[in-house]
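Peer 1: Residue numbers (our numbering): -14 to 292.
1. Can you give me the start and stop residues for the beta strand (DSSP E) that residue 98 sits inside?
2. Taking residue 66 as the reference, give the member of 112, 210, 20 and 13 with the closest Cα.
3. In chain order, which beta strand (DSSP E) runs of at least 3 residues are fully inside the segment 38 to 85?
4. Mind checking residue 15: buried by the 16 CB within 10 Å criterion, or exposed?
5. Might you give, ordered along the chain, the residues of its own chain that have their beta carbon closer than 8 Å to the beta carbon of residue 301, omitting 5 neighbours on each side?
6. In whole angstroms, what separates the C-alpha of residue 101 from that of residue 230?
7. If the criterion is Cβ atoms closer than 8 Å, does the pair residue 87 and residue 74 meet it?
8. Looking only at DSSP bridge pairs, what is residue 25 linked to?
9. Could you tell me the alpha carbon to alpha carbon distance between residue 108 and residue 96, rounded to whole angstroms?
10. Using a 10 Å radius around the Cβ and a threshold of 16 neighbouring Cβ atoms, would you call residue 43 buried or exposed?
11. Buried or exposed for residue 83, going by 16 or more other Cβ atoms inside 10 Å?
12. Please look up how many angstroms separate the CB atoms of residue 34 and residue 136, rounded, as I've assumed it's under 8 Å.
13. Which residues mark the beginning and the end of the alpha helix (DSSP H) in which residue 92 is found?
14. Assign residue 72 to one of two classes, buried (16 or more other C-beta atoms within 10 Å of its C-beta) or exposed (fewer than that).
15. Just to confirm, are residue 106 and residue 279 a CB contact at a threshold of 8 Å?
16. Taking Cβ to Cβ, would you say residue 85 is nearer than 8 Å to residue 288?
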């Protein structure tokens, strides 16, 4: 009887972990195999704008490992725009795995919402304030139904600021307002200043540390729970035992929710292959202009809005 009372909350927690993960993951579309910088599932981007976005996306990826990706979906399927964007960003692995310099511009057509999600490595350049300005600039286009032009304008603003961050010029024919287009000599991915380089290094160090930190805290938490279960259970009557079962299940649920927010920093792609975006995703680190996503993770920064 004692063994059954210990077992059922563990089974319940396991079912909760599995079913919640599968339910949400099913709403995230599979990453594209080609033209990875534009995933137009909602059919909102015209061919001319798509061509321009692909040109810039390939150039940024090839030179700096930075991946700026546009994704349009018909619906968020009941999820918030923030949850959906963060989950898609991490599952696809946008950006270089070590630099975490990915950017996602997500648009949900039927929900009339959009969001810019930024990786750790570019949060210093693409601040929440700046990404908010980008979305504000897109609103007039969207209200007129000019989705393709609005998305392109937003992408140009993000790309221009990214080139400025690396002190580099965009490809010939592209001029971004407010960007430093005279820095084209720095085409090796070196940021424009030592301060920016230090920020990026700190972000990388933080990424490298987080998964160890999660495992440490998670292990300590589980040890405490196991001690309570195996030492305390024989000393308690049935009423207190049932109460502890409930508390135990709630604690496991909280642990699940906490660790869910850090899965992007675990670097599973480095364990199961240097793939992009998932446990077994294809593509190498940095993408290399169409070769796949680089296994980057989201820093949680960015802005959301609607029209």
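For glycine and all other residues, C-beta sits at the position ideal for the given N, C-alpha and C. This one's a predicted model, so the numbers in the text were calculated from it and none came from an experiment.
Peer 2: Let's see:
1. Against the chain shown, residue 98 aligns to sequence position 113. Counting along the chain, residue 98 sits inside the beta strand (DSSP E) bounded by residues 98 to 104.
2. Numbered from 1 along the chain shown, position 81 holds the residue referred to as residue 66. Of the candidates 112, 210, 20 and 13, 13 places its Cα closest to the Cα of residue 66.
3. Fully enclosed beta strand (DSSP E) runs of 3 or longer: 52 to 58.
4. Locating residue 15 in the chain shown gives position 30, where the first residue counts as 1. Classification for residue 15: exposed.
5. Beyond the ends of the chain as shown, which are -14 and 292, falls residue 301; an answer cannot be given.
6. One-based indexing of the chain shown puts residue 101 at position 116. One-based indexing of the chain shown puts residue 230 at position 245. So the two alpha carbons sit approximately 41 Å from each other.
7. Here residue 87 corresponds to residue number 102 of the chain shown, with the count starting at 1. Here residue 74 corresponds to residue number 89 of the chain shown, with the count starting at 1. Taking the C-beta atoms as reference points, residue 74 is found nearer than 8 Å to residue 87.
8. Taking the first residue of the chain shown as position 1, residue 25 is located at position 40. The partner list for residue 25 (beta bridge, DSSP) reads 57.
9. Position 123 of the chain shown holds residue 108. Position 111 of the chain shown holds residue 96. About 26 Å.
10. Working through the chain shown from its first residue, we reach residue 43 at position 58. Residue 43 sits buried, since 16 or more C-beta atoms from the chains shown fall within 10 Å of its C-beta.
11. Locating residue 83 in the chain shown gives position 98, counting from the first residue. It is buried - the Cβ of residue 83 has at least 16 other Cβ atoms within 10 Å.
12. In the chain shown, residue 34 corresponds to position 49, counting from 1. In the chain shown, residue 136 corresponds to position 151, counting from 1. Confirmed, Cβ separation roughly 7 Å.
13. Along the chain shown, read from residue 1 onward, the residue named residue 92 stands at position 107. No alpha helix (DSSP H) contains residue 92, which is instead part of the beta strand (DSSP E) from 87 to 93.
14. On the chain shown, position 87 is the one that residue 72 refers to. It is buried - the Cβ of residue 72 has at least 16 other Cβ atoms within 10 Å.
15. Stepping through the chain shown from its first residue, residue 106 is reached at position 121. Stepping through the chain shown from its first residue, residue 279 is reached at position 294. In this structure, residue 279 does not lie closer than 8 Å to residue 106 by Cβ.
16. Here residue 85 corresponds to residue number 100 of the chain shown, with the count starting at 1. Here residue 288 corresponds to residue number 303 of the chain shown, with the count starting at 1. Cβ atoms of residue 85 and residue 288: not closer than 8 Å.
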